[in-house]
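K.L.:
In this note's numbering, the protein residues as written are 14 to 543.
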């Protein structure tokens, strides 16, 4: 009991990541979970990877887009990274072009920008698009970037420097391989203006991508604030997509089996969730797999024909397939989705349905509806985008939408350090009674149905879930940071703990999963976090 009280009151000492996992003492007629499992408490790395990711994109830093950073594109250049590099080399020569690009990589996102993201916007993560060219001249060989390879001599060093600057501010980084050899789609943000997605028709390109992923996985393996790696951006759904994903997953797994891997849904979210659920099983022991979906309401003909009210309703019902598939990892596998890109933008045809005076309020409602959906159904969300030449960016600008109070951070990230500690103390006081109540309800429900059960597994799961949620909620306050953290996807945390506990083969393992979920749920209920 003393050990658990100390854990709750002060949380585990940050240096003592190998302390025994805290458990509540057994109540009368309740089983003790102690000794049943040895589950190490969540670490700082777990916090970065499994908390709700309240983020933005750092777009057009290492993967240029002319509409965002026109200053990097000489007059007459096309819209892609390759166009910018080619025109810059032609205009300035390779050395001066390299200096121009290096200045952009190091200085476009300033320390003041990162401070604002962390302190004012309550941003705990960023998505960082990079291209295969960012890995340096050797990865430009035999690609359209070969003639400008010298520009990228120090590009990856700049990536690692930006990751370190984020780490200094407790910001996690999702490294997104936005541009792949041959192109995963035909858009200019894939790196070239070819208009073609040639990855699927060229085995050599596929081999190059795997080599890129291996190098990136090695480079990121020891970086504590890496929340995951995205193997490609906005993939076109192809017959070979998931076979290629399996190859990519296997390549990363050999290097870092714990690194979360983010997979583009190919614009078919329900199908992608089904695919990842099959692989996110306690039995497979693969990397955690999270589906990346992008939610825009301003591009498709069906969306541009709708008035804002219809699109607000659509934003409120987005991700509706996620709750239906989540909730039973042992039977169905784990499902999790992150919204890798979203914005506050609606098309001008949509705005034509309403008077101009209504626009500000509708933008706020539309954006806050998306926030509410993301907070309740996603493992995280990353607004597109944080920086552009035309700051603060209007409806594409993260800063503009935060300052206009349209983008709303999750409530738990705004709590003071004192409030976090006070809520943890109250949860501790109420925990024994809540444990007894929950355990009695579980036993009563199942015992009346008959059958053989091992309710001690439910108790063990509850203890683990409660203690895990508590520690993750309170870790920010250990370093004096405002806010608590909530688990982003309970499914993914359950998957991790089922693997840690090695209970999947037990016929009553479902009781451990149920207990774990209920322990998490009960803790959040006691601290007032939805």
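From the three backbone atoms N, C-alpha and C, an ideal C-beta is built for every residue, glycine too.
All values reported here derive from a predicted model rather than from experimental measurement.
Would you list the one or two residues that DSSP bridges to residue 300?
P.N.:
By one-based count along the chain shown, residue 300 stands at place 287. Residue 300 is not bridged to any residue.
K.L.:
With H, G and I counted as helix, E and B as strand and the rest as coil, what does DSSP make of residue 393?
P.N.:
Here residue 393 corresponds to residue number 380 of the chain shown, with the count starting at 1. Here residue 393 sits in strand by DSSP.
K.L.:
Which residue comes first and which comes last in the alpha helix (DSSP H) that contains residue 430?
P.N.:
Taking the chain shown and counting its residues from 1, the one referred to as residue 430 is at position 417. Start and end: 430-460.
K.L.:
Check for me: the beta strand (DSSP E) holding residue 189 runs from which residue to which?
P.N.:
As a position in the chain shown, residue 189 is number 176, starting the count at 1. Note, residue 189: beta strand (DSSP E), 185-192.
K.L.:
Would you mind working out which of 369, 405, 333 sits nearest residue 383, comparing C-alpha positions?
P.N.:
As a first step, residue 383 must be located in the chain shown, where it is residue number 370. Of 369, 405, 333, the residue nearest in Cα terms is 333.
K.L.:
Taking its Cβ as the centre, do 16 or more other Cβ atoms sit within 10 Å of residue 312, making it buried, or is it exposed?
P.N.:
Within the chain shown, numbered from 1, the residue matching residue 312 stands at position 299. Burial call: exposed.
K.L.:
Ordered along the chain, which non-local residues of its own chain (more than five positions away) have a Cβ less than 7 Å from that of residue 376?
P.N.:
Residue 376 sits at position 363 when you count from the first residue of the chain shown. Closer than 7 Å at Cβ, skipping near neighbours: 357, 408, 419.
K.L.:
With DSSP collapsed to three states, give me the class of residue 310.
P.N.:
The count along the chain shown starts at 1 and reaches residue 310 at position 297. Residue state, collapsed to three classes: strand.
K.L.:
Using a Cβ-Cβ cut-off of 7 Å (strictly less than) and excluding sequence neighbours within five positions of residue 429, which residues of its own chain qualify?
P.N.:
On the chain shown, residue 429 is found 416 positions in, with the first residue counted as 1. Non-local beta-carbon contacts of residue 429 in its own chain, meaning distances under 7 Å to residues more than five positions away in sequence, involve 495 in chain order.
K.L.:
Restricting to Cα atoms, I'd like to know which of 81, 126, 74 is closest to residue 117.
P.N.:
The count along the chain shown starts at 1 and reaches residue 117 at position 104. Of the candidates 81, 126, 74, the one whose C-alpha sits nearest the C-alpha of residue 117 is 74.
K.L.:
Can you pull the DSSP bridge partners for residue 350?
P.N.:
Stepping through the chain shown from its first residue, residue 350 is reached at position 337. DSSP lists 304 as partners of residue 350.
K.L.:
Based on the DSSP secondary-structure assignment, which residues constitute the bridge partners of residue 242?
P.N.:
As a working note, residue 242 is residue 229 in the chain shown. Beta-bridge annotation (DSSP): residue 242 is paired with 188, 274.
K.L.:
Excluding the 5 residues flanking residue 162 on each side, which residues of the same chain have their C-beta closer than 6 Å to its C-beta?
P.N.:
Translated into positions along the chain shown, residue 162 becomes position 149. These residues qualify, in order along the chain: 150, 153.
K.L.:
Over the uninterrupted beta strand (DSSP E) stretch that includes residue 70, give me the two end residues.
P.N.:
Here residue 70 refers to the residue found at position 57 of the chain shown. That run of the beta strand (DSSP E) goes 66-70.
K.L.:
Scan the stretch 195-243 and note each continuous alpha helix (DSSP H) run of 4 residues or more that stays entirely inside, going in chain order.
P.N.:
216-233
K.L.:
Decide if residue 458 is buried, meaning its Cβ has at least 16 other Cβ atoms within 10 Å, or exposed.
P.N.:
For the purposes of this step, residue 458 is taken as residue 445 along the chain shown, with counting starting at 1. Residue 458 comes out exposed.
K.L.:
I believe residue 98 touches residue 110 by the beta-carbon criterion, under 8 Å. Please report the beta-carbon distance rounded to the nearest angstrom.
P.N.:
Mapped onto the chain shown, residue 98 falls at position 85. Mapped onto the chain shown, residue 110 falls at position 97. Going by Cβ atoms, the distance from residue 98 to residue 110 rounds to 7 Å, so yes, they are a contact pair.
K.L.:
Spatial neighbours of residue 113 within its chain, please: CB distance less than 8 Å, with the 5 preceding and 5 following residues excluded, ordered by chain position.
P.N.:
Translated into the one-based positions of the chain shown, residue 113 becomes position 100. The answer, listed in chain order, is 85, 101, 105.
K.L.:
Thinking just about the alpha-carbon of each residue, which of 269, 243, 237 is nearest to the one in residue 231?
P.N.:
Counting from 1 along the chain shown, the entry for residue 231 is found at position 218. It is 269 whose Cα lies nearest to the Cα of residue 231.
K.L.:
Beta carbon of residue 189, beta carbon of residue 243: below 7 Å?
P.N.:
Taking the chain shown and counting its residues from 1, the one referred to as residue 189 is at position 176. Taking the chain shown and counting its residues from 1, the one referred to as residue 243 is at position 230. In contact: residue 189 and residue 243 (Cβ atoms closer than 7 Å).
K.L.:
Comparing C-alpha positions only, which one of 194, 234, 198 sits nearest to residue 215?
P.N.:
Taking the first residue of the chain shown as position 1, residue 215 is located at position 202. For the residues 194, 234, 198, the minimum Cα distance to residue 215 belongs to 194.
K.L.:
When burial is assigned at 16 or more other CB atoms within 10 Å of the CB, is residue 371 buried or exposed?
P.N.:
On the chain shown, position 358 is the one that residue 371 refers to. So residue 371 counts as exposed.
K.L.:
With residue 542 as the anchor, note down where its beta strand (DSSP E) starts and where it stops.
P.N.:
Here residue 542 corresponds to residue number 529 of the chain shown, with the count starting at 1. It is not in any beta strand (DSSP E) - residue 542 carries neither H nor E in the DSSP assignment.
K.L.:
Using DSSP bridges, identify the partner residues of residue 500.
P.N.:
Indexing the chain shown from 1 puts residue 500 at position 487. 64, per the DSSP bridge assignment.
K.L.:
In the DSSP assignment, the alpha helix (DSSP H) including residue 487 goes from what residue to what residue?
P.N.:
On the chain shown, residue 487 is found 474 positions in, with the first residue counted as 1. Here the alpha helix (DSSP H) through residue 487 covers 468-491.
K.L.:
Can you list, in chain order, the residues of its chain whose CB lies under 7 Å from that of residue 325, leaving out five sequence neighbours each side?
P.N.:
The residue labelled residue 325 in the question sits at position 312 within the chain shown. Counting only Cβ-Cβ distances below 7 Å, and skipping sequence neighbours, we find 378, 379, 382.
K.L.:
Helix, strand or coil for residue 145 per DSSP?
P.N.:
In the chain shown, the residue the question calls residue 145 occupies position 132. When DSSP states are grouped into helix, strand and coil, residue 145 belongs to the helix group.
K.L.:
Of all the options 302, 94, 394, which has the alpha carbon lying nearest to the alpha carbon of residue 263?
P.N.:
Translated into positions along the chain shown, residue 263 becomes position 250. Among 302, 94, 394, the Cα nearest to that of residue 263 belongs to 302.
K.L.:
Between the stretch 395-409 and the stretch 456-473, are three or more C-beta pairs nearer than 8 Å?
P.N.:
no
K.L.:
Using 8 Å as the cut-off, can you tell me whether the stretch 450-457 makes contact with the stretch 504-515, which would need three or more C-beta pairs spanning the two stretches below that distance?
P.N.:
no
K.L.:
Indicate whether the contact test is met: 3 or more Cβ pairs, each with one atom in the stretch 468-483 and one in the stretch 530-541, closer than 8 Å.
P.N.:
yes
K.L.:
Do the CB positions of residue 485 and residue 157 come within less than 7 Å of each other?
P.N.:
The residue given as residue 485 occupies position 472 in the chain shown. The residue given as residue 157 occupies position 144 in the chain shown. It is not a contact, given that the beta carbons lie outside the stated cut-off.
K.L.:
Buried or exposed for residue 48, please, with buried defined as at least 16 other CB atoms from any protein chain shown within 10 angstroms of its CB.
P.N.:
For this step, residue 48 is matched to residue 35 along the chain shown. Reliability of the predicted coordinates at residue 48 is poor, the pLDDT of 49 falling under 50, and no value is obtained from them.
K.L.:
Note the first and the last residue of the continuous alpha helix (DSSP H) segment covering residue 132.
P.N.:
For the purposes of this step, residue 132 is taken as the residue at position 119 of the chain shown. It spans 124-132 - the alpha helix (DSSP H) in which residue 132 sits, taken as one unbroken run.
K.L.:
For residue 250, count neighbouring C-beta atoms within 10 Å of its own C-beta (all shown protein chains included) and say buried if the count is 16 or more, exposed if not.
P.N.:
Position 237 of the chain shown holds residue 250. The residue in question, residue 250, is exposed, as its Cβ has fewer than 16 Cβ neighbours within 10 Å.
K.L.:
How would you label residue 431, buried or exposed, when you count the other beta carbons within 10 angstroms and need 16 or more for buried?
P.N.:
Indexing the chain shown from 1 puts residue 431 at position 418. With fewer than 16 other beta carbons inside 10 angstroms of its own, residue 431 counts as exposed.
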